[in-house]
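In our numbering, the protein residues as written are 3 to 295.
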């Protein structure tokens with residue numbers, strides 16, 4: 003995972019430690035006690051490659067830094083690949099064990115097959131739970147936990163352990179849904195969000211500060227969509243038939259730190275500050291995003 007200096011339009015507004023030197027010193031201190039972590043330099047002096055033992059390990063570090071007053075940006079987690087003597091690319095595989103309510107078993111198996119998993123065991127129990135075991139690339143588990151919890155309504159149990167390094171399985175399909183991206187800066191309005199919520203699920207509420215390139219929701223389709231969350235209702239002295247319509251907003255979906263990290267796609271970053279978690283595109287400008295697809 004890459005840790006970066008925050009370069010969003012809101013940089014420096016909420017954090018106490020925001021510079022490259024602050025972040026580097028903190029990561030060096032972490033290396034003294036966190037024996038499972040490694041730090042690598044990159045060509046960009048404002049960017050550090052942090053290697054750990056999984057999403058949870060890195061999430062604990064991010065949350066600790068956040069509480070200490072640091073302001074950073076992090077990328078989507080990536081697995082560590084190897085090359086064997088024959089020049090083949092190898093990746094880590096895990097043995098995944100789940101207990102799933104019978105009615106959700108089909109959806110879970112279909113999703114793991116999509117993520118290049120191989121079914122090893124399926125055993126139905128009279129209690130209404132099914133034991134399902136898979137061998138799956140570690141890449142396939144990234145982002146799966148949130149899907150598993152929501153799909154099983156919180157009733158499923160899953161655990162995994164490292165199995166071996168084996169041949170790279172090729173591309174694994176990413177997130178099914180695109181993002182709703184802000185095209186303007188300012189404070190979100192209830193009127194604008196009322197119109198936008200028809201396009202997908204919101205992750206912010208009204209009166210939230212936004213900037214161009216910031217992700218404000220999950221699109222109902224597989225492509226990204228630019229929207230204007232700061233648009234205000236035009237007022238006039240002419241009364242319309244719909245003037246008294248109440249604006250009813252669906253409560254926004256609130257992501258935890260781990261859920262934000264799981265949601266990230268390759269072209270997205272998570273802005274972490276002591277008071278906020280914001281999803282954003284790597285390239286805030288729409289034209290730059292189009293050129294770098």
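By construction, the Cβ of each residue, glycine as well, lies at the ideal position given by its N, Cα and C atoms.
Residue range of the unbroken alpha helix (DSSP H) whose run includes residue i
i           : result
residue 193 : 192–198
residue 202 : Run containing residue 202: none in the alpha helix (DSSP H); it sits in the beta strand (DSSP E), 202–204.
residue 116 : 107–116
residue 42  : From DSSP, residue 42 is part of no alpha helix (DSSP H) but of the beta strand (DSSP E) over 40–43.
Where residue i falls, given that 16 or more other Cβ within 10 Å makes a residue buried
i           : result
residue 87  : exposed
residue 8   : buried
residue 212 : buried
residue 128 : exposed
residue 264 : buried
residue 163 : exposed
residue 108 : exposed
Cutoff 6 Å; reference residue i; Cβ partners in own chain excluding five residues on either side
i           : result
residue 84  : 92 and 167
residue 157 : 103
Own chain residues within Cβ distance below 7 Å of residue i, not counting five before or after
i           : result
residue 32  : 39 and 63
residue 278 : 16
residue 261 : 148
Identity of the residues DSSP links to residue i by a beta bridge
i           : result
residue 221 : 202
residue 95  : 139 and 166
residue 126 : 132
residue 49  : 6
residue 181 : 220
Start-to-end residues for the beta strand (DSSP E) that takes in residue i
i           : result
residue 265 : Taken as a continuous stretch (DSSP letters only), residue 265 belongs to no beta strand (DSSP E), being part of the alpha helix (DSSP H) at 259–265.
residue 74  : 74–76
residue 33  : From DSSP, residue 33 is part of no beta strand (DSSP E) but of the alpha helix (DSSP H) over 22–35.
residue 55  : Here residue 55 belongs to no beta strand (DSSP E), and DSSP marks it neither H nor E.
residue 270 : 270–274
residue 292 : Note, residue 292: premise wrong, no beta strand (DSSP E); alpha helix (DSSP H) at 288–293.
Min CB distance residue i to chain C below 8 Å
i          : result
residue 50 : Looking at the structure shown, chain C is missing, and only one protein chain is on hand.
Evaluate contact between the stretch 257–266 and the stretch 135–149, counting only Cβ atoms and requiring at least three cross-stretch pairs below 8 Å. yes
Any 3 or more C-beta pairs closer than 8 Å across the stretch 75–84 and the stretch 109–119: no
Three Cβ pairs or more, each shorter than 8 Å: is that satisfied between the stretch 131–145 and the stretch 181–189? no
Measuring CB atoms only, is the stretch 269–276 touching the stretch 184–204, in the sense that at least three cross pairs come out at less than 8 Å? no
For the pair the stretch 169–179 and the stretch 283–292, tell me if three or more CB-CB distances fall below 8 Å. no
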